[in-house]
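Undergrad:
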Amino acid sequence: MNTTPQAIRGTQDIFGADAEAFAHVVETFERVRKLYRFRRVEMPVFEKTAVFSRSLGETTDVVSKEMYSFEDRGGESLTLRPEFTAGIARAYLTDGWKQYAPLKVATHGPLFRYERPQKGRYRQFHQIDAEVIGAAEPLADVELLVMADQLLKELGIADGVTLQLNTLGDAASRDAWRAALVEYFRDHRDSLSEDSQDRLERNPLRILDSKDPRDKPFTADAPRIDDFLSGQAQDFFGAVTQGLAAASVDFVRAPALVRGLDYYRHTAFEFVTDRLGAQGTVLGGGRYDGLMAALGGPETPAVGWAAGIERLAMLVADAGQVTETPLTAILAVEDDAALGFAIKAVTALRHQGIDCEMIASGSPRKRFDKAVKSGALVLVSFGMKDGLPAANLRSGETSAERLAVEQVLVSLRP
């Protein structure tokens with residue numbers, strides 16, 4: 190006996206209220222990104238593996254453990270995209286987008302990572318993404334942060350979400366801080382967790398955001414970036430915080446918020462909540478001025494953020510922000526001889542932006558009762574009168590919806 194194939198672990202079939210919350214996130218994002226004049230881009234779902242291994246770093250968990258990579262028939266290594274930024278950076282360098290700098294772009298779609306599925310985290314997941322490429326000024330960071338703040342507010346989920354903000358300094362500041370961290374953690378190597386011992390030489394900043402309780406006593410007293418910031422780096426971060434204050438965007442300083450890869454500079458941030466369990470980050474990003482050079486291009490300043498649509502949709506659903514709107518009009522065909530006129534009517538109503546359904550199957554005597562049970566604001570029955578098809582408005586009260594439906598029906602009278 191044939192068995193039905195099951196869904197792949199870590200994927201999801203989105204339906205009903207969950208799908209409506211998902212769509213609400215995307216629609217709100219599209220509306221907000223247009224307010225900020227971010228241009229829409231569509232990116233390939235797969236790229237050459239080097240795009241991600243060079244941008245994310247060979248030693249990161251994403252590259253070493255989580256990427257879906259495969260050889261195509263030509264023997265080339267390809268990878269399903271685990272994030273958007275690297276592909277957008279590649280396109281900026283290869284597609285001539287430099288002529289539009291500073292370039293503001295936004296996109297959304299599926300991403301793929303082989304990791305342990307849990308609440309709000311899937312192997313195929315979806316993100317919204319916004320990037321500013323070619324702008325070195327802190328105002329670009331401010332604009333992105335204000336945009337993210339407005340998005341969360343318009344989604345109705347800003348309550349209980351906190352913007353955590355940090356600076357990683359410029360290249361010189363970061364290098365000095367990194368050296369101090371290595372020296373500090375070397376003195377405590379034997380007491381650190383295995384992951385932190387492994388990160389000590391190649392990625393010491395990541396030790397600061399370790400969740401392992403064995404590392405906590407040492408991360409609390411580790412050197413802070415503020416002690417190594419150059420004057421230029423201090424001015425940059427000051428301009429970002431002043432810009433946020435001018436835009437009335439609240440934040441808290443998070444000294445342990447880091448980005449492990451060397452191409453990250455200056456601003457790092459996350460919007461976090463305690464309403465999603467351990468996976469508290471709903472939107473995060475930062476400035477990655479060194480990425481273009483890592484991909485073989487010229488030094489190019491850039492900053493961006495991404496947010497998981499599934500996590501945002503969960504918050505939207507929990508906040509009751511998406512409710513199913515009632516059906517505007519229901520058409521009940523009580524006489525099959527009037528079916529052609531009813532089809533003409535339902536088509537005209539939809540062309541006028543009025544959502545509607547038609548009941549024209551099953552017993553003609555029961556169609557009206559089914560229409561009543563639909564809960565539609567306007568009910569129209571179709572039958573024959575004096576040998577001609579006729580429409581009868583059967584809803585009980587005058588309303589804007591009834592008047593709109595009536596106007597369309599009047600225009601269709603034979």
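For the sequence shown, this note's numbering gives the first residue as 190, with consecutive numbering after it. All C-beta atoms, glycine included, are put in the ideal place defined by N, C-alpha and C.
1) Note down the Cα distance separating Val240 from Thr268, rounded to an integer number of angstroms.
2) Let me know the secondary structure DSSP gives Gln313 once reduced to three states.
3) Give me the Cα-Cα distance between Thr356 and Leu446, rounded to the nearest whole angstrom.
4) Which residues share a DSSP beta bridge with Ala491?
5) Check each candidate in Asp207, Gln201, Ala365 and name the one with the smallest Cα separation from Gln510.
6) Along the chain, which unbroken stretches of the beta strand (DSSP E) at least 3 residues long are found entirely within the region 415 to 497?
7) Distance, Cα to Cα, Asp439 vs Leu472?
8) How many whole angstroms separate the CB atoms of Leu394 and Arg413, which I take to be in contact at a CB cut-off of 8 Å?
9) Classify His540: buried if its beta carbon has 16 or more other beta carbons within 10 angstroms, exposed otherwise.
10) Measuring alpha carbon to alpha carbon, tell me which residue in Gly205, Glu320, Ser382 is nearest Ala337.
11) Looking at Phe227: is its Cβ nearer than 8 Å to the Cβ of Val294?
12) Could you name the residues that DSSP lists as bridge partners for Asn581?
13) Could you tell me the boundaries of the alpha helix (DSSP H) in which Glu213 lies?
14) His297 lies in the beta strand (DSSP E); which residues open and close that run?
15) Excluding the 5 residues flanking Arg360 on each side, which residues of the same chain have their C-beta closer than 7 Å to its C-beta?
16) Please report the distance separating the alpha-carbon of Cys545 from that of Gly205.
17) Tell me which residue opens and which closes the alpha helix (DSSP H) that Lys405 is part of.
18) DSSP puts Thr268 in a beta bridge; with which residues?
19) Any idea which residues DSSP pairs Gln596 with across the strands?
20) Exposed or buried, what is Thr512 when buried is set at 16 or more other beta-carbons lying within 10 Å of its beta-carbon?
21) Is the region 221 to 238 in contact with the region 256 to 273, if contact means three or more CB pairs nearer than 8 Å?
22) Would you check if there are 3 or more beta carbon pairs closer than 8 Å linking the region 475 to 485 to the region 515 to 522?
23) For the beta strand (DSSP E) containing Gln353, name the first residue and the last one.
24) Looking at the structure shown, is Ala411 part of a helix, part of a strand, or coil, going by DSSP?
25) Buried or exposed: where does Gly542 fall if 16 or more other Cβ atoms within 10 Å of its Cβ makes it buried?
26) Alpha carbon to alpha carbon, how far is Ala210 from Thr238? Give it in angstroms, no decimals.
27) Is Val335 helix, strand or coil when you go by DSSP?
28) Are there 16 or more other CB atoms within 10 angstroms of the CB of Arg535, so buried, or fewer, so exposed?
29) List the residues that DSSP assigns as beta-bridge partners of Arg228.
30) Apart from the five residues just before and just after Ala521, which ones in its own chain have a Cβ nearer than 6 Å to its Cβ?
31) Closest by CA to Ser362, which one among Gln423, Leu381, Gln316, Gln353?
32) Quick check on Asp318: buried or exposed, where buried means 16 or more other Cβ atoms within 10 Å of its Cβ?
33) Taking Cβ to Cβ, would you say Arg391 is nearer than 8 Å to Pro306?
34) Just grab the DSSP bridge partners of Val535 for me.
35) Is it true that the CB of Ala278 sits closer than 8 Å to the CB of Gly323?
36) Thinking Arg312 and Thr200 are a contact (beta carbons under 8 Å), I'd like their distance in whole angstroms, please.
TA: Per the coordinate set shown:
1) 9 Å
2) strand
3) 8 Å
4) Ile322
5) For the options Asp207, Gln201, Ala365, the alpha carbon positioned closest to that of Gln510 is the one of Asp207.
6) 454 to 462, 470 to 476, 491 to 497
7) 15 Å
8) So it is not a contact: roughly 12 Å between Cβ atoms.
9) exposed
10) Glu320
11) yes
12) Ser570
13) Note that residue 213 is His in the sequence shown here, rather than Glu. Element bounds for His213: 205 to 224.
14) 292 to 301
15) The sequence given here places Ala at residue 360; Arg does not occur at that position. Cβ neighbours of Ala360 beyond the five flanking positions: Arg454.
16) Spanning the two alpha carbons is a distance of roughly 18 Å.
17) 405 to 408
18) DSSP output for Thr268 lists Glu236, Ser258 as bridge partner(s).
19) Paired residue(s): none; Gln596 is not in a bridge.
20) exposed
21) yes
22) Cβ pair count under 8 Å is below three, so no.
23) 350 to 356
24) coil
25) exposed
26) For Thr238 and Ala210, the distance between alpha carbons rounds to 33 Å.
27) helix
28) At residue 535 the sequence reads Val, which differs from the Arg that was named. Per the 10 Å Cβ criterion, buried.
29) Within the DSSP bridge table, the entry for Arg228 names Val294 as partners.
30) Ile548, Arg556, Phe557, Ala560, Ser570
31) Gln423
32) buried
33) Between Arg391 and Pro306, the gap from beta carbon to beta carbon reaches 8 Å or more.
34) DSSP output for Val535 lists no bridge partner at all.
35) Against a cut-off of 8 Å, the Cβ pair of Ala278 and Gly323 comes out as no contact.
36) In this structure, Arg312 and Thr200 form a Cβ contact; the two beta carbons are roughly 6 Å apart against a cut-off of 8 Å.
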